[in-house]
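Okay, so the sequence shown: first residue is 1 according to my numbering, each after it adds one. For glycine and all other residues, C-beta sits at the position ideal for the given N, C-alpha and C. Have a look at the structure below before the remarks.
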Amino acid sequence: MNKSTSISPNKVAKLTNQLYTENRICGLFLSSGVYSDPEYVMEDLIYTAKLSRYQGFNGYIHLKAMPGCSKDQIKRASTIADRLSINIEGPTRSHLSELCSVKDLKIDIERRQKLIDEQNVGQSTQFVVGALDETDKEIIDKSIELYKKFDLNRVYFSGFKPLKDTPLEKSSAVEKHRAGRLYQSDWLLRVYKYQPEELLETTEDEMLPNIDPKLEIAKKKERINIKKKQMKNN
């Protein structure tokens, strides 16, 4: 049976500031399981971040917003944290409902993402990769949509691993390379400004091959004789 544990806001703040003073950390990632009503949990996270600041922590704070938290809580969290995130988990409403039946994509996730986007704070999200039958194309398409819609800083990908005593405990763990290829693809789109079509042309049955996507795209491009082109230009 999976066991959970908790640590009080005071202990988190004290440890954070101790490590910060010793130059052992420069940032704090605050997250939590849903051990009570989402608004109650979110209030604990906000209080922990606020207490850390009050005790002298001036480093980076990434606070994970709870699905179901209030607009006021998002506003208050954005005045303390440098970045807020709310995990989308799956690319479609049906995928999310299979992963967590009490969450709704539009109401619990995207409505909060819009609220975060309206604040002066960075925003990111995360997909669980391989838990269900979602394809890489679905994840990439949804990532592109979220970047445009909510001006996200980053999208993260977490490879699925089954846990005992959970609804998906008998499911297989995802191949190790899959999240890595999605990260590479995200980098090409976000940093190098590749076109989505270039990337999606490399997929087979809407899945990325287990090869560096930049190399796969290059292999599909028309070859150019550099020497011949240089002679022509001269």
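Cutoff 6 Å; reference M1; Cβ partners in own chain excluding five residues on either side: Its pLDDT being 45, under 50, M1 is placed unreliably in this model, and the coordinates cannot settle the point.
Residue(s) in a DSSP beta bridge with Q123: In the DSSP assignment, Q123 forms a beta bridge with L84.
Residue range of the unbroken beta strand (DSSP E) whose run includes S158: It spans 154–159 - the beta strand (DSSP E) in which S158 sits, taken as one unbroken run.
Per-residue DSSP class, three states only, for G180: Helix, per DSSP.
Runs of alpha helix (DSSP H) lying entirely within the stretch 23–91, each at least 4 residues, in chain order: Here the runs fully enclosed are 38–54, 71–78.
Of the residues T5, N23, R112, H62, the one placed nearest C69, counting alpha carbons only: Checked all of T5, N23, R112, H62; the closest Cα to C69 is R112.
Opposing strand residues paired with V102 [DSSP bridges]: The partner list for V102 (beta bridge, DSSP) is empty, contrary to what the question assumes.
Q195 - containing alpha helix (DSSP H), residue span: Neither: Q195 is in no alpha helix (DSSP H) and is coded neither H nor E.
Distance between E201 and S4 (C-alpha atoms, nearest Å): Straight-line Cα distance between these residues: approximately 44 Å.
Stretch pair the stretch 49–66 + the stretch 78–87: three plus CB contacts closer than 8 Å: Yes: at least three Cβ pairs fall under 8 Å.
CA nearest to the CA of L152, picked from G180, G122, F160: Checked all of G180, G122, F160; the closest Cα to L152 is G122.
E216 - containing alpha helix (DSSP H), residue span: Run containing E216: 213–220, per the alpha helix (DSSP H) assignment.
Burial state of E43 (16 or more Cβ within 10 Å): Of the residues assessed, E43 falls on the buried side of the cut-off, its CB having 16 or more other CB atoms within 10 angstroms.
Three CB pairs or more closer than 8 Å across the stretch 134–149 and the stretch 201–220: Below 8 Å, enough C-beta pairs join the stretch 134–149 and the stretch 201–220 to call them touching: three or more.
Cβ contact (3+ pairs, closer than 8 Å) linking the stretch 101–116 and the stretch 153–160: In short, these stretches do not touch, since the Cβ pair count stays below three.
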